[in-house]
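Chemist:
Number of protein chains: 2
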Amino acid sequence: MSMINRSWRLAARPQGMVKDSDFSWHEEAVPETLLPGQILVETLYLSVDPTQRMWAEADSYLPAVRIGEVMRSLGLGRVVRSNAPGFEPGDLVSGLVGWQSHPVLTTEGLNKLPPGTPPETALSLFGLTGLTAYFGLLDVGRPKAGETVVVSGAAGATGNAVGQIAKIKGCRVVGIAGGPEKCAWLKNELGFDEVIDYRSENVGERLRELCPKGIDVYFDNVGGDILDAALANLAMRGRVVLCGAIGDYNKGEQPQGPRNYLSLLVKRGRMEGFIILDYMPRAMEAISALAQWAAEGKIKDRVEVATGLENAPATLRRLFTGANRGKQLLKVVS
Amino acid sequence: MSMINRSWRLAARPQGMVKDSDFSWHEEAVPETLLPGQILVETLYLSVDPTQRMWAEADSYLPAVRIGEVMRSLGLGRVVRSNAPGFEPGDLVSGLVGWQSHPVLTTEGLNKLPPGTPPETALSLFGLTGLTAYFGLLDVGRPKAGETVVVSGAAGATGNAVGQIAKIKGCRVVGIAGGPEKCAWLKNELGFDEVIDYRSENVGERLRELCPKGIDVYFDNVGGDILDAALANLAMRGRVVLCGAIGDYNKGEQPQGPRNYLSLLVKRGRMEGFIILDYMPRAMEAISALAQWAAEGKIKDRVEVATGLENAPATLRRLFTGANRGKQLLKVVS
């Protein structure tokens, strides 16, 4: 009996909210023979990230996933068979495994993880999520101790890490999230100084109250009106870090753009984007720091795990409905 | 017979295009006695700048001009009487003289100009205009030799200087201006590599053609759709320098904001504003360089001079109808 690779392939460019029908389900026998340099992997966990919506829709910092191609995704798996030097059955690897249960991959771009690595943390705090928070905040935002840092999407995977790192660096941290549960979690368990519930509060007014000297660093995960409210409350020489615009991804139209962008002029401000892939050569710097803080109990990693490859589209949707708190993973059960 | 100070005072906050009726004309006798520290100045030239529209409308990087207050303006005049040490009748001074013929001023913030200074250049290339171009381009935009620099409002006072400085620094320069005359002037007389006439050409398409590797530095004087077109054509790690948004000042509504701002994310770009007043401590650095380049014939200063204080509102309007080429001044004839 040959092994079956189950996969979701991109069937249509998503318009508005991602739908199951944007993908098609395939089951195919895994090839009997591996070419030199190839390995067969059993996927254990998939990383579920807002940027996947962008990969499916259009060319961006990576070329768009082609129609008919397996949906692109970071993930983590175990080597089943190997025709590549240095990779043995049983090794744990992480990288772009895609929405599939038994991919045949070349080893380029894959990372071998030390035996015993907890797979959840490897895809969260020590994965691209933690690195995004670390380099986006510290390298692009450059907060100084005593400054006020505001982060939106604060209960999301990147956002909660940004807030915790800002606290470690001695900043005053205001998080913006949706709903009383998330807000209570940020304030009571993660030590955010203040929280704003964008579902029940006027974000602009609350930012004015909570940041009377203005916002020194605004880490933006959402775009839209919240970005505008932050721009309107920027401190002199304030910095806006563009990490994503989850609020705009599903609108099916071009976002309106930040109407208050001229705050950057009046306040001598800076708005800057970054892509975490550029920081890969410095990954160990972040992982060392994050591991140290985690060991000292200064940073907490929260992961939510959905189960079953068949639920990949629905799990991706969770990110855009604000259902998840912390990092969203999908456990692939073979 | 006492001397008369003629002035324009702000009468109403401008809405849409600046109107004569936004200001009221006053003629008042100049006080016979000066308090200690005061000087009486005869205004010779006023600098006419887009930012004056902003000063009249609302608080920005400076508090708004109050209703009933003399309209704020940079200018240059000759000291008539002095009760301030170091200032003698006949001295040339520049600073915030306002829209008035015979202001009584304190000397704080005024600059004494060396005898014989050509007044037109003092308010243009060696004034805030030249400094704005110099520091905005070099300090905020940081172009490297060989990079592509695009400037909008290129035939305006700041824009044409930006393009010329970028050429001196070894960049490829594309100017965006309105009308064939301005475009020909930029290309044939000032040495711009390429020009785009936004009145007759599709700016986005032309930027794509003329900047196949993308825009490394975009110096924005206009905002609106042209800013959006530039963002859409940003090179990797491109920089957008926000100097002003002349296209938006008179719209009477908040600008829509740059819809393509997420280019900053995908291209790892930076959009940054600045206010030239912050650079005053480094003014001599710019003036020395500009004077050197002017002496070597590498940079040309073009000035248009309107005449008569009574024409101040109409002269300010010229900036927003695209009538001026180079620096607009108003000669105040007593």
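Chains as they are written, first to last, in this note's numbering: chain A, 7 to 340; chain B, 7 to 340. Ideal Cβ placement from N, Cα and C applies to all residues, glycine included.
1. Quick check on the DSSP output: what are the complete alpha helix (DSSP H) runs of length 4 or more inside the stretch 96-182 of chain A, in order along the chain?
2. In chain order, which continuous runs of the alpha helix (DSSP H) of length 4 or greater are located wholly inside the stretch 7-65 of chain B?
3. Helix, strand or coil for V272 (chain B)? Go by DSSP, reduced to three states.
4. Could you confirm whether any beta carbon from chain A is found closer than 7 angstroms to the beta carbon of F280 (chain B)?
5. Report the CB separation of R243 (chain B) from K273 (chain B) in whole angstroms; it is logged as a contact under 8 angstroms.
6. One question on the structure: do D28 (chain A) and A18 (chain A) come within less than 7 angstroms of each other, judged by their Cβ atoms?
7. How about S100 (chain B) and L111 (chain B): do their beta carbons lie closer than 7 angstroms?
8. So the candidates are A:Y224, A:A190, A:A183, A:L137; which of them puts its Cα closest to the Cα of A297 (chain A)?
9. To test your reading of the DSSP string, which unbroken alpha helix (DSSP H) runs of 4 or more residues are found completely within the stretch 202-228 of chain A?
10. Just to make sure I have the definition right: I need the residues of chain B whose C-beta is within less than 8 angstroms of the C-beta of M277 (chain A). Which are they?
11. Any C-beta of chain B sitting closer than 7 angstroms to the C-beta of R144 (chain A)?
12. Check each candidate in B:P218, B:D203, B:P287, B:E302 and name the one with the smallest Cα separation from I171 (chain B).
13. What does the alpha-carbon distance come out to for the pair A70 (chain B) and A161 (chain A)?
14. If you pair each beta-carbon of the stretch 223-237 of chain B with each one of the stretch 142-156 of chain B, do three or more pairs fall below 8 angstroms?
15. Report the three-state DSSP secondary structure of M286 (chain A) (helix, strand or coil).
16. If we call anything under 7 angstroms between Cβ atoms a contact, is I252 (chain B) one with P56 (chain B)?
17. Just the chain B side, please: which residues come within less than 7 angstroms of A251 (chain A) by C-beta, in chain order?
18. Excluding the 5 residues preceding and the 5 following Y285 (chain A) in the sequence, name in chain order all residues of the same chain whose CB lies nearer than 7 angstroms to its CB.
19. For P186 (chain A), does the count of other Cβ atoms within 10 angstroms reach 16, so buried, or fall short, so exposed?
20. Kindly say whether Y46 (chain B), judged by its beta-carbon, lies nearer than 7 angstroms to any beta-carbon of chain A.
21. So, do the stretch 177-192 of chain B and the stretch 71-79 of chain B have three or more beta carbon pairs nearer to each other than 8 angstroms?
22. Alpha carbon to alpha carbon, how far is K337 (chain A) from T313 (chain A)? Give it in angstroms, no decimals.
23. Let me see if you follow: with CB-CB separation under 7 angstroms, is P120 (chain A) close to chain B or not?
24. Please report the straight-line C-alpha distance between L16 (chain B) and R265 (chain B), rounded to a whole angstrom.
25. When you compare the CB of P264 (chain A) with every CB in chain B, is at least one pair closer than 7 angstroms?
26. Measuring alpha carbon to alpha carbon, tell me which residue in B:P287, B:E34, B:T39 is nearest S88 (chain B).
27. Taking DSSP as the reference, what is the three-state secondary structure of S294 (chain A)?
28. By the DSSP assignment, the beta strand (DSSP E) with R341 (chain A) in it spans what residues?
29. Let me know the secondary structure DSSP gives R84 (chain A) once reduced to three states.
30. Might you give, ordered along the chain, the residues of its own chain that have their beta carbon closer than 6 angstroms to the beta carbon of E34 (chain A), omitting 5 neighbours on each side?
31. Below 6 angstroms CB to CB, which residues in the same chain sit around I73 (chain A) once its five sequence neighbours on both sides are set aside?
32. DSSP three-state call for K304 (chain B): helix, strand or coil?
33. Between the stretch 65-79 of chain A and chain B, which residues of the former have a C-beta closer than 8 angstroms to a C-beta of the latter?
34. Between G332 (chain A) and V309 (chain A), which are expected to be in contact by the criterion C-beta below 8 angstroms, what is the C-beta distance as a whole number of angstroms?
35. Kindly indicate which residue of B:T164, B:A163, B:E153 has the alpha-carbon position closest to the one of K173 (chain B).
36. Tell me the rounded alpha-carbon separation between F198 (chain A) and L271 (chain B).
Modeler: Once the coordinates are examined:
1. 125-129, 134-141, 163-174
2. 57-63
3. By 1-based counting over the second sequence, the position of residue 272 (chain B) is 266. Looking at V272 (chain B) - three-state DSSP - the assignment turns out to be helix.
4. Numbered from 1 along the second sequence, position 274 holds the residue referred to as residue 280 (chain B). F280 (chain B) counts as touching chain A.
5. Residue numbering aside, residue 243 (chain B) sits at position 237 when the second sequence is read from its first letter. Residue numbering aside, residue 273 (chain B) sits at position 267 when the second sequence is read from its first letter. The C-beta separation of R243 (chain B) from K273 (chain B) comes to about 7 angstroms, placing the pair in contact by the 8 angstroms criterion.
6. In the first sequence, the residue the question calls residue 28 (chain A) occupies position 22. In the first sequence, the residue the question calls residue 18 (chain A) occupies position 12. Closer than 7 angstroms, so yes.
7. Numbered from its first residue, the second sequence carries residue 100 (chain B) at position 94. Numbered from its first residue, the second sequence carries residue 111 (chain B) at position 105. No. Outside cutoff.
8. Residue mapping note: residue 297 (chain A) aligns to position 291 of the first sequence, counting from 1. The candidate whose alpha carbon is nearest that of A297 (chain A) is A:L137.
9. 209-216
10. Mapped onto the first sequence, residue 277 (chain A) falls at position 271. Under the 8 angstroms cutoff, chain B gives Y267, L270, R276, M277, E278.
11. In the first sequence, residue 144 (chain A) corresponds to position 138, counting from 1. Looking at the sequence itself, residue 144 (chain A) is Leu, so the reference to Arg does not match. Answer no: the Cβ-Cβ gap between L144 (chain A) and chain B never drops below 7 angstroms.
12. Here residue 171 (chain B) refers to the residue found at position 165 of the second sequence. Among B:P218, B:D203, B:P287, B:E302, the Cα nearest to that of I171 (chain B) is on B:E302.
13. Here residue 70 (chain B) refers to the residue found at position 64 when the second sequence is read from its first residue. Here residue 161 (chain A) refers to the residue found at position 155 when the first sequence is read from its first residue. Looking at the two C-alpha atoms, the distance is approximately 40 angstroms.
14. They touch, by the three-pair rule.
15. In the first sequence, counting from the first residue as 1, residue 286 (chain A) sits at position 280. Helix at M286 (chain A).
16. On the second sequence, residue 252 (chain B) is found 246 positions in, with the first residue counted as 1. On the second sequence, residue 56 (chain B) is found 50 positions in, with the first residue counted as 1. Closer than 7 angstroms, so yes.
17. Mapped onto the first sequence, residue 251 (chain A) falls at position 245. L268, listed in chain order.
18. In the first sequence, residue 285 (chain A) corresponds to position 279, counting from 1. Excluding sequence neighbours, Y285 (chain A) sits near L137, F141.
19. Sequence index remark: in the first sequence, residue 186 (chain A) carries index 180 (1-based). Burial state of P186 (chain A) is exposed, judged by a 10 Å Cβ sphere holding fewer than 16 other Cβ atoms.
20. Along the second sequence, read from residue 1 onward, the residue named residue 46 (chain B) stands at position 40. What sits at residue 46 (chain B) in the sequence shown is Leu, not Tyr. L46 (chain B) does not count as touching chain A.
21. Contact fails between the stretch 177-192 of chain B and the stretch 71-79 of chain B, because fewer than three Cβ pairs, one in each stretch, are under 8 angstroms apart.
22. Position 307 of the first sequence holds residue 313 (chain A). Position 331 of the first sequence holds residue 337 (chain A). Taking the straight line from one Cα to the other gives about 5 angstroms.
23. Residue numbering aside, residue 120 (chain A) sits at position 114 when the first sequence is read from its first letter. Using a CB distance cut-off of 7 angstroms, P120 (chain A) does not count as an interface residue toward chain B.
24. As a working note, residue 16 (chain B) is residue 10 in the second sequence. As a working note, residue 265 (chain B) is residue 259 in the second sequence. If I take the Cα positions, the gap works out to 34 angstroms.
25. Here residue 264 (chain A) refers to the residue found at position 258 when the first sequence is read from its first residue. Cβ-Cβ to chain B under 7 angstroms: yes for P264 (chain A).
26. Here residue 88 (chain B) corresponds to residue number 82 of the second sequence, with the count starting at 1. Among B:P287, B:E34, B:T39, the Cα nearest to that of S88 (chain B) is on B:T39.
27. Residue 294 (chain A) sits at position 288 when you count from the first residue of the first sequence. Of the three classes helix, strand and coil, the one that applies to S294 (chain A) here is helix, per DSSP.
28. Because chain A spans 7 through 340 in this model, residue 341 (chain A) falls outside it and cannot be assessed.
29. As a working note, residue 84 (chain A) is residue 78 in the first sequence. Three-state result, R84 (chain A): strand.
30. Taking the first residue of the first sequence as 1, we reach residue 34 (chain A) at position 28. Closer than 6 angstroms at the Cβ level, and outside the excluded window around E34 (chain A), lie N11.
31. By one-based count along the first sequence, residue 73 (chain A) stands at place 67. Excluding sequence neighbours, I73 (chain A) sits near L16.
32. Along the second sequence, one-based indexing puts residue 304 (chain B) at 298. Three-state DSSP puts K304 (chain B) in coil, outside helix and strand.
33. S66, Y67
34. On the first sequence, position 326 is the one that residue 332 (chain A) refers to. On the first sequence, position 303 is the one that residue 309 (chain A) refers to. Contact holds; Cβ gap of about 6 angstroms.
35. Taking the second sequence and counting its residues from 1, one reaches residue 173 (chain B) at position 167. Per the Cα distances, B:E153.
36. Sequence index remark: in the first sequence, residue 198 (chain A) carries index 192 (1-based). Sequence index remark: in the second sequence, residue 271 (chain B) carries index 265 (1-based). When the Cα atoms are used, F198 (chain A) and L271 (chain B) turn out to be separated by approximately 26 angstroms.
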